[in-house]
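For reference, the structure is listed below as structure tokens.
2 protein chains.
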Amino acid sequence: MSDLTAVDVAVSPEAKFREYLMTQGMRLTTERETIVREVFASHEHFDADQLVSRLNQRTDGKRVSRSTVYRALAQLKDSGLLRAVARPNDREVYEHDYGYPQHDHLICKECGDLIEFVDDSLNEMLSRVAAQNGFRISAHRLEVYGKCANCCRPKRRQRKTDMI
Amino acid sequence: MSDLTAVDVAVSPEAKFREYLMTQGMRLTTERETIVREVFASHEHFDADQLVSRLNQRTDGKRVSRSTVYRALAQLKDSGLLRAVARPNDREVYEHDYGYPQHDHLICKECGDLIEFVDDSLNEMLSRVAAQNGFRISAHRLEVYGKCANCCRPKRRQRKTDMI
DNA sequence: ATACTTGCAAACGGTTTGCAATTTA
DNA sequence: TAAATTGCAAACCGTTTGCAAGTAT
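Protein chains in written order, with UniProt numbering: chain A, 1 to 164; chain B, 1 to 164.
Take a look at the structure:
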């Protein structure tokens, strides 16, 4: 999906989350720990509903209610562990922010795939524009819509071996 | 607010809209005409609710229901007359697409102001990234969040030098 | 004890839609 | 007169929230 590689992090997501919660007078409960672990178990993009499903499929009985998931997502975002990247179908989509390099996305309108990319010139451009407008940037979201290489490929000769 | 200037257009928005509606087997009703006119009476960004308000304030009795406004917004978007640019407060924000040059936005998180800007290097960058990924771009949305010059300005007196 | 947290169900809010009445070609 | 359109109110749907019961310090 992407060749972006995680950068080395000194502290685990759980620890980082506990740290943040402490500063807010909150606690790292077992529910919150279950959520952080599940969230950082894979690098895929996800929305609230997908996360709830993953948590409900657990066999260890560590289910967490939908409300708690929503509350935790907000906290994970505030703590800098997650960031919201897009809203393709009116659902907020999240990805890892902590321990993962900053990047943007090509979004295929056909298959919905998110392709990550980085390009330094974007940051140069943003700095320049910010300076020109006396604007202090805190974040940005660049969504590039179109058709991915796979979907551009002519379908005439589709591999029928994919069918089972 | 912005020094982007409208480009010359051969056909009026109403005509363009009628043209599009025809191709869909639809009609340019008085309600739809009222809406297009109101929408293109000013270049400001707006959301559905603001448009409804503007239409309700009319003294000529040309009121249009909320549903019709929502339906027309979708049609105006499909026809290429409008485009959705941001979603600051969970409300879709629209702007003129037809007869207005392509640009992006700085979005002030404090006052909600949208500042338009253009920078050619963005397009160069997008072309490069698209080529690298075999991606065919159809559109993009760049939202830059932060604090505008106005909101950065201190409300109270701020000392420029550290006087001890 | 006090403060934080959870799960449930109800509320929220922007947007969409079913439908009967109305308008248009 | 058949097809499109409107306005109303209800539905929709992801998300948020009030609250009572539970848990940690």
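Glycine included, C-beta positions come from ideal geometry on N, C-alpha and C.
Between the C-alpha atoms of D147 (chain B) and K109 (chain B), what's the straight-line distance to the nearest angstrom?
The amino acid occupying residue 147 (chain B) in the given sequence is Lys; Asp does not appear at that position. Cα to Cα, the separation comes out at about 6 Å.
T161 (chain B) versus I35 (chain B): straight-line alpha-carbon distance, rounded
For T161 (chain B), the pLDDT reaches just 44, beneath the cut-off of 50, and the residue's location in the model is therefore unreliable, although a value from the coordinates is still provided. Between T161 (chain B) and I35 (chain B), the C-alpha separation is close to 54 Å.
**OP:** Could you have a look at A48 (chain B) and say whether DSSP puts it in helix, strand or coil?
**Re:** helix
| To which residues of the same chain is E143 (chain A) closer than 7 Å at the C-beta, ignoring the five residues directly before and after it? | A86, H105 and I107
Worksheet entry | Three or more C-beta pairs below 8 Å linking the segment 52 to 71 of chain A and the segment 8 to 21 of chain A | Short answer: they don't touch.
message = Once the 5 residues before and after F135 (chain A) are set aside, which same chain residues still bring their CB inside 8 Å of it?
response = For F135 (chain A), where only same-chain residues beyond five positions count, the Cβ hits under 8 Å are V129.
Item to complete: Have a look at A139 (chain A) and I115 (chain A) and give me their C-alpha separation to the nearest angstrom.
Response: Using only the alpha carbons, I get a separation of about 19 Å.
Q. Around the Cβ of A72 (chain A), are there at least 16 other Cβ atoms within 10 angstroms (buried) or fewer (exposed)?
A. buried
query = Out of A:T23, A:S127 and A:R83, which has the shortest C-alpha to C-alpha gap to Y98 (chain A)?
reply = A:R83
Could you give the uninterrupted runs of the alpha helix (DSSP H) lying entirely in the segment 113 to 153 of chain A, keeping only those of 4 residues or more? 120 to 133 and 149 to 152
Whole angstroms is fine: what's the gap from N133 (chain A)'s alpha carbon to V118 (chain B)'s? 12 Å
>> Please classify D120 (chain A) as buried or exposed, where buried requires at least 16 other C-beta atoms within 10 Å of its C-beta.
In response: By the 10 Å Cβ count, D120 (chain A) comes out exposed.
Cβ of R37 (chain B) within 8 Å of Cβ of V52 (chain B)? no
Relative to the C-alpha of R63 (chain B), which candidate in B:D78, B:E33, B:L126 and B:E92 has its C-alpha closest?
B:E33
Give the single residue among B:M125, B:F46, B:D113 and B:D78 whose Cα lies nearest to the Cα of R18 (chain B).
B:D78
Spell out whether any CB of chain A is found under 8 Å from the CB atom of K109 (chain B). yes
TODO: Would you list the residues sitting across from R83 (chain A) in a DSSP beta bridge?
DONE: A:E95
Exercise for the section: Within the same chain, show all residues whose beta-carbon is closer than 7 Å to that of R54 (chain A), passing over the 5 residues directly before and after it, in chain order. Expected result: E38
When the distance is taken between beta carbons, is H96 (chain A) closer than 8 Å to H43 (chain A)? yes
Q) Got a sec, what are the start and stop residues for the alpha helix (DSSP H) L28 (chain A) sits in? A) For L28 (chain A), there is no enclosing alpha helix (DSSP H), as DSSP gives it neither H nor E.
| task | Determine, using beta carbons only, whether E143 (chain A) comes closer than 8 Å to chain B. | result | For E143 (chain A), the closest Cβ of chain B is nearer than 8 Å.
Fill in: Positions along the segment 24 to 46 of chain A whose CB lies within less than 7 Å of some CB in chain B
For the segment 24 to 46 of chain A, which is checked against every Cβ of chain B, not one residue is closer than 7 Å.
Legend entry - Inter-residue Cα distance where the pair is P101 (chain A) and A48 (chain B): 37 Å
Exercise for the section: Quick one: give me the first and last residue of the alpha helix (DSSP H) that D78 (chain A) is part of. Expected result: R66 to D78
ask   = Quick one: what's got a C-beta closer than 8 Å to A41 (chain B)'s C-beta in the same chain, skipping five residues either side?
value = none
Q) Who pairs with L106 (chain A) in a beta bridge, going by DSSP? A) Answer is A:I115 and A:V144, bridged to L106 (chain A).
* To do: Let me know the secondary structure DSSP gives A10 (chain B) once reduced to three states.
  => coil
Cβ of D113 (chain A) less than 8 Å from any chain B Cβ?
-> no
* To do: Report yes or no: is there a C-beta of chain A within less than 8 Å of the C-beta of D119 (chain B)?
  => So yes, D119 (chain B) belongs to the interface.
**Message:** Tell me which residues of the segment 123 to 136 of chain B have at least one Cβ-Cβ distance to chain A shorter than 9 Å, keeping chain order.
**Reply:** E124, M125, L126, R128, V129, A130, Q132, N133, G134, F135 and R136
Answer yes or no: does any C-beta atom of chain A fall closer than 8 Å to that of H140 (chain B)?
yes
Q. Smallest Cα separation from Q24 (chain B): which of B:L76, B:T30 and B:F46?
A. B:L76
inquiry  = As a quick exercise: from A:V93, A:F46 and A:G80, pick the residue whose alpha carbon is nearest that of L21 (chain A).
reply    = A:G80
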